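Here is the structure we will look at.
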Amino acid sequence: MNIIKELKKENNKESRKIMLDDLGLIRNITDNMNEYLMNSYDKQIVKRDLIGMAQEMKLRGTTLRDELGDNVDEFTKEIIENSRGPSKLEIFLTTIKSSAITFIIIFGGMLLLSKNFDMSMSIYFPILVYLFLGIQSILEFIFVSAFNKEKNFKKYIPNVIRGLTFFIFFYYFIGNKIARGGPEVKIVCLVIIHLFIYAITYFAYNKHIENLAESSDDIVKDLIDKTK
Amino acid sequence: MVDPSQMMRGTLEGCIIKIISKNETYGYDIVSKLKEYGFTDAKEGTIYPLLVRLERKNLITAKYKESPLGPKRKHYYLTSLGEDYLDEFLKIWRDVRNSVDRIMEEVR
């Protein structure tokens, strides 16, 4: 079972029963809980709890927004600080999974459009892209955690750093032909390798989420109604 | 001037654990009991982050149960670690209360 997918489905279903304003409020709160601050499983459980609170408040004639008042940022910050935090393994697996699917689409697209299955490219290109993604992830992890509590322009510093590393990396390495030299590898092989990478990371990710959910397995079973 | 909510905030976790120790309970019920006993500022928005922390520390655990009011409700239970925490909290609270009472009565 893909627990995150099931929880998201359940949350989407339950969120239809709350006031639109509260739905917007819950989205704002959970949008601030990115994977560098909180793991995906805990984020969906928090979302479920907030939806449950909003549903009960609707039945009692009030709203979640009235309950939280002006303290939404403080409320969000406290939940993040009191949660289990991010999962480094989840960030790693998500990055590799997304990269793999991106490469499959790009390389597969190149092959299909050119109809030349003998096409090859420098092995340095995918290696450098993975290196760039790795550095980006580490920087994101450091800077998002550090600047999460900042207000005004300081909270955009992670975006600036992201843009700078992208520019430096692609201008310096790719633009300077470093990625164009070296041994060549068939693009078909790259597509097959990335299909394997995607499959492995897909199952590893699901297993990791199951492990995160293990301590609260009853919650997942209780929430998801399999008899419908 | 003295901020009573600041003083109460330091003991809120212990009070929430005590309430949960009596019976399994849920957020709204915890807030109602806290208000009943003088925590007039208590709201589900205040206590939810504390409940997240208590769950993370394995002092409480939770289960979703059917509710007569509509959606499934998250019910909280005390764990054995939570019982130990409560015993320790009560001991510390009594010590602090006695010390403060003595200072207020004896220091003039």
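Residue numbers (this note's numbering), protein chains in the order written: chain R, 5 to 232; chain C, 1480 to 1587. Note that the Cβ used here is the ideal one computed from N, Cα and C, for glycine as well. Nothing here was measured: the structure is a model prediction, and the numbers come from that model.
Neighbourhood of R/M123 by C-beta distance below 6 Å, restricted to the same chain and skipping five residues each side: Working through the first sequence from its first residue, we reach residue 123 of chain R at position 119. Cβ neighbours of R/M123 beyond the five flanking positions: I191.
Nearest to C/G1561 by CA position, among C/K1544, C/K1514, C/C1494, C/G1506, is which residue? Looking up residue 1561 of chain C in the second sequence gives position 82. With distances taken between Cα atoms, C/G1561 lies closest to C/C1494.
Quick check on R/I127: does DSSP put it in helix, strand or coil? Locating residue 127 of chain R in the first sequence gives position 123, counting from the first residue. In this structure, R/I127 counts as coil in the three-state DSSP scheme.
Examine chain C for any beta-carbon lying closer than 8 Å to the beta-carbon of R/E10, and answer yes or no. Translated into the one-based positions of the first sequence, residue 10 of chain R becomes position 6. By this cut-off, R/E10 is not an interface position.
With distances taken from CA atoms, which of R/F170, R/F147, R/L116, R/K12 is nearest R/Y134? Here residue 134 of chain R corresponds to residue number 130 of the first sequence, with the count starting at 1. Per the Cα distances, R/F170.
If contacts are defined as beta-carbon pairs under 8 Å, then R/I30 and R/Q59 qualify, I think. What distance do you get, rounded to the angstrom? Counted from its first residue, the first sequence places residue 30 of chain R at position 26. Counted from its first residue, the first sequence places residue 59 of chain R at position 55. Not really, about 11 Å apart at Cβ, beyond 8 Å.
So, for R/I201: in the same chain, excluding its five sequence neighbours on each side, which residues have a beta-carbon less than 6 Å away from its beta-carbon? For the purposes of this step, residue 201 of chain R is identified with residue 197 of the first sequence, where counting begins at 1. If we look at R/I201 and ignore the five residues flanking it on each side, its Cβ neighbours are A104.
Return helix, strand or coil for R/L143, following the three-state DSSP convention. Taking the first residue of the first sequence as 1, we reach residue 143 of chain R at position 139. Of the three classes helix, strand and coil, the one that applies to R/L143 here is helix, per DSSP.
Just the C-alpha distance for R/E218 and R/H212, rounded to the nearest angstrom, thanks. Residue numbering aside, residue 218 of chain R sits at position 214 when the first sequence is read from its first letter. Residue numbering aside, residue 212 of chain R sits at position 208 when the first sequence is read from its first letter. Spanning the two alpha carbons is a distance of roughly 10 Å.
Taking only beta-carbon positions, decide if R/R88 is within less than 8 Å of chain C. The residue you call residue 88 of chain R lines up with position 84 of the first sequence. Output row for R/R88: interface = yes.
Figure out for me which residue from R/G138, R/L97, R/I7 has the closest Cα to the Cα of R/A208. By one-based count along the first sequence, residue 208 of chain R stands at place 204. Ranking R/G138, R/L97, R/I7 by Cα distance to R/A208 puts R/L97 first.
Listed by chain order, chain R residues near C/Y1640 by CB distance under 7 Å: Because chain C here runs from 1480 to 1587, residue 1640 of chain C falls outside it and cannot be looked at.
With a CB to CB cut of under 6 Å and the five nearest residues on each side skipped, what residues in its chain are close to C/F1568? Counting from one through the second sequence, the residue named residue 1568 of chain C turns up at place 89. Hits under 6 Å: G1493.
Closer than 9 Å at the beta carbon, the chain R residues around C/Y1527: As a working note, residue 1527 of chain C is residue 48 in the second sequence. Simply V50, D53, L54, M57, F79, E82, I83.
According to the neighbour-count rule (16 or more other Cβ atoms, all chains shown, within 10 Å of its Cβ), is C/V1579 buried or exposed? As a working mapping, residue 1579 of chain C is identified with position 100 in the second sequence. With fewer than 16 other Cβ atoms within 10 Å, it is exposed.
List, in chain order, every chain R residue whose beta-carbon is nearer than 7 Å to that of C/R1532. As a position in the second sequence, residue 1532 of chain C is number 53, starting the count at 1. Here the neighbours are N86.
By the criterion of Cβ-Cβ separation under 8 Å, what are the contact partners of R/E71 in chain C? Walking along the first sequence from the start, residue 71 of chain R turns up at place 67. In chain order: K1522, E1523, G1524.
Rounded C-beta distance between C/K1512 and C/I1498? I'm assuming under 8 Å. Here the question's residue 1512 of chain C lines up with position 33 in the second sequence. Here the question's residue 1498 of chain C lines up with position 19 in the second sequence. C/K1512 to C/I1498, Cβ: 5 Å. Contact.
Within chain C, the residues that R/N75 reaches when beta carbons sit closer than 8 Å: As a first step, residue 75 of chain R must be located in the first sequence, where it is residue number 71. Within chain C, the residues near R/N75 are G1524.
Applying the 10 Å Cβ sphere with the 16-neighbour rule, what's the burial state of C/P1547? Indexing the second sequence from 1 puts residue 1547 of chain C at position 68. The residue is exposed, with fewer than 16 neighbouring Cβ atoms inside 10 Å.
Any idea which residues DSSP pairs C/K1553 with across the strands? Taking the second sequence and counting its residues from 1, one reaches residue 1553 of chain C at position 74. C/Y1543, per the DSSP bridge assignment.
In three-state terms, what does DSSP make of C/Y1507? Locating residue 1507 of chain C in the second sequence gives position 28, where the first residue counts as 1. Here C/Y1507 sits in helix by DSSP.
I'd like the list of long-range same chain contacts for R/Y206, defined as Cβ closer than 7 Å, with 5 residues on each side in sequence excluded. As a working mapping, residue 206 of chain R is identified with position 202 in the first sequence. K101.
Chain C beta carbons: is any one of them nearer than 8 Å to that of R/E18? Working through the first sequence from its first residue, we reach residue 18 of chain R at position 14. So yes, R/E18 belongs to the interface.
Measuring straight from C-alpha to C-alpha, what distance separates R/G167 and C/L1530? On the first sequence, residue 167 of chain R is found 163 positions in, with the first residue counted as 1. On the second sequence, residue 1530 of chain C is found 51 positions in, with the first residue counted as 1. One C-alpha to the other measures close to 38 Å.
Would you please state the rounded distance, in angstroms, between the beta carbons of R/F79 and R/L68? I believe it to be under 8 Å. Here residue 79 of chain R refers to the residue found at position 75 of the first sequence. Here residue 68 of chain R refers to the residue found at position 64 of the first sequence. The Cβ separation is near 10 Å, so there is no contact.
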